[in-house]
Structure formats: C-alpha cells, structure tokens
C-alpha cells in the first residue's frame, strides 16, 4: 500500500511489510516521503530514503536524503540543521554503518549516523573544482555518476577531483520549463578541445587531509574511468586511460605511503570499448578483470602484483557481464552469447580456473535471458 517497503521470500512462500508508509511521514507533515530509491545500512538498523530528486544530466541524482531508525522509528533529514532542499547527492553508508558521506555543492561531507553533526572532508569545491562528482564527459563516456568510494576499513574515502577551468562552454536553449526560453551553459569539451583536468585522492577521516595519486603527465590528457579499493583500505586501484582511449594503465596506490605501482596494462589498436570495476578477493590477493586483450571480451583472474593472469572464460566469444562471485564456493557467474549474438545465457565457472564454463540456463529457455543475482549467488531473478 502506498510507499510501503515490502519483503518477498525468494521461494515465493510469503511477504512481509518491512517499513510501512506511516513511518515515512516527517514530523509536522501529513503525507509520507515519496520514495525514489532507498538503501539499507549493513547492520540492518537504518534505512536511507532518497526523495524530491531533480535531474542532473541524465539521472535524478540531486535531492533530499532521510534516515529512518528501524529500532526507534525516528526519521530525520541528512545535511545538518536548516538544510536547503535538493542539495545532496550520492549519499552512502560507510561499510560499518556508523557514518554517511555525500556530496553537496561539489564538496564531500560526512555525518555520523544519528548525530546530525556534519563534517566537511573537502573545502575547495566551487563552480570549477568538482569533488566527488563529474562533468558531462564521465557520465556520457564512462557511465559513472558518483565520484567517491568508502574504504573497506571505514577510515578513508577515495574520490575524483575535476578542474573544469578553461573548458569551453556549450549553450542550450530550454524551451520547456517556462513560458519564455532560458539559456543553460555548462563546460562541454568537443573533440580536440581542452578537457577537464582529473586526479584521484584519498582523504583520511582522522586528519581530513587528502593524499593525491601523482600519475605523471598532463591531467587534462587522461581519463580515470574507474577506481576500486584493492580488497582492504591500504591501497586503491586506479585505471589511467589516455585520451584516445587506446591504452589503459592500472595502478595500485598505497595512499598512506603515497606510492604508485603499475600492475597491468591493456592496449588496443583502435580503442578500448568498455570499462568495468575490478572485483577484488576479500584478502586482496587477486581480482577479476574484464579485458579484450585476446580479441574477445573475457574474464581474467589477476594476482595482486599483476604477474599471474589466468583466462577464466576461454573461447572465441564475448562475455556480456559478470554477475556475481562466491569465493567460499569457488564460483563465478556471468552471461554470454557463445554461439548466437541474438541469444544470451547464464554460465558459471571456477575462480581458480579448475574447470571450463558450464551453461546454467536450461536448454528450454532459448533466446535472450537476463539475470539479477543475490550477493551469495544462491538466487537469481530471471527474465
């Protein structure tokens, strides 16, 4: 009913209302929040609701975030006292559920859950310095929107910073929002023109200082399409792509020592088609890597130092995407179209390369199949 959040048993045996819409009515209001999206804290004690969203580029990513304490039913808005509406972006719980970080006005902020106390982690954001967010290029070319990542140990946050100064502006006419047209201008680099400068740093929650990864070269002549923590909070993986998008260098950044180590490279005579985050093992000893280095898009197991690279999906076909992996079961699931590009099926294979991929989709389901898998790989939604 209304904005209830409902749990359905995966085996179809029943349903349960987890959060009724009455609990989402702010103090002094009569109507519940309109839930556009939500997320649970890992400890299951808090629900974060995104509402009142507005369009930024292609998605409704700026708006209001509220926290509901599932033990006391208390509800409050993130952002501190007297927060303006539609100001926050990309709010995310820390892995231990004790904090929330978000972007406001091109700076990154942190709140301790339940305290309403706001701490600025960056302070230099303005119209041209963009922290934890992106310009038009990154959403358009690399399909990424939020520009910061909590460390697994909850002690730091890695983030992108873009400097759009010097980038030429593009002007659009808005004929739809009002009686008279208005003009909207924004930095928009065309081919051969100046790009935003980009760099990645890690801010420590203890001293609020950022340690930057000094990749060398011209920061306006590169892209950083993906970053990911390397299993623990000690090192960050950085993908460093040249502007022609034909050479991707992969670095490990020990942010406390400020040391960079190049562990992998992918090259293509034309361009590298797609970019995925690396999926790291729990202990950080290896990661799963998408690559077209042999002419086909395959999944590789790569050691932390990059010296051992094992193709887990060999053959003359492209994998579509990796869906989930389970280290305890030594299994990984992915979709692929080995024989007919108009068909798509689910496969599983080992993480150690001990057996070849096995088709999971029954033979009777001929055609294009899509799957969404649970994190423990026990269940999948199939369409």
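In the numbering used here, the protein residues as written are 29 to 411.
For every residue, glycine included, the Cβ atom is placed at its ideal position computed from N, Cα and C.
Query	Result
Please name the residue or residues paired with residue 281 in a DSSP beta bridge.	264, 288
Quick one: Cα of residue 386 to Cα of residue 306, how far?	23 Å
Alpha carbon to alpha carbon, how far is residue 374 from residue 361?	7 Å
By the three-class DSSP mapping on this structure, what secondary structure does residue 170 have?	helix
Report the rounded CA-to-CA distance for residue 134 versus residue 127, giving the unit in angstroms.	19 Å
Look at the Cβ atom of residue 215, then the Cβ atom of residue 198, and state whether they are nearer than 9 Å.	yes
So, with DSSP's three-state summary, where would you put residue 21?	Here the chain covers residues 29 to 411 and nothing more, so residue 21 does not appear.
Could you pull out every residue in the same chain whose Cβ sits closer than 6 Å to the Cβ of residue 150, ignoring the five residues on either side in sequence?	135, 136, 159
Which complete beta strand (DSSP E) runs does the region 290-338 hold, if anything under 3 residues is left out?	314-319, 326-331
DSSP beta-bridge partners for residue 131?	117, 136
Going by DSSP in three states, residue 52 sits in which element: helix, strand or coil?	helix
Can you grab the Cα-Cα spacing for the pair residue 260 / residue 200, in whole Å?	44 Å
Using C-beta distances below 8 Å, list every residue in its chain close to residue 359, excluding the 5 sequence neighbours before and after it, in chain order.	353, 376, 377, 378, 379, 405
Does residue 165 come out as helix, strand or coil in the three-state DSSP assignment?	helix
Apart from the five residues on each side of it in sequence, which residues of its chain come closer than 7 Å, Cβ to Cβ, to residue 338?	328, 329, 381
Cα separation between residue 331 and residue 308?	10 Å
Are the beta-carbon atoms of residue 233 and residue 182 separated by less than 9 Å?	yes
Tell me, please, which residues DSSP counts as bridged to residue 210.	202
Going by beta-carbon coordinates alone, are residue 5 and residue 223 separated by less than 9 Å?	The requested residue 5 is not part of the displayed model; the chain covers only 29 to 411.
Checking the sheet assignment: what are the DSSP bridge partners for residue 190?	158, 226
Are there 16 or more other CB atoms within 10 angstroms of the CB of residue 335, so buried, or fewer, so exposed?	exposed
Please return the same chain residues whose Cβ sits closer than 7 Å to the Cβ of residue 410, not counting the five positions on each side in sequence.	397, 399
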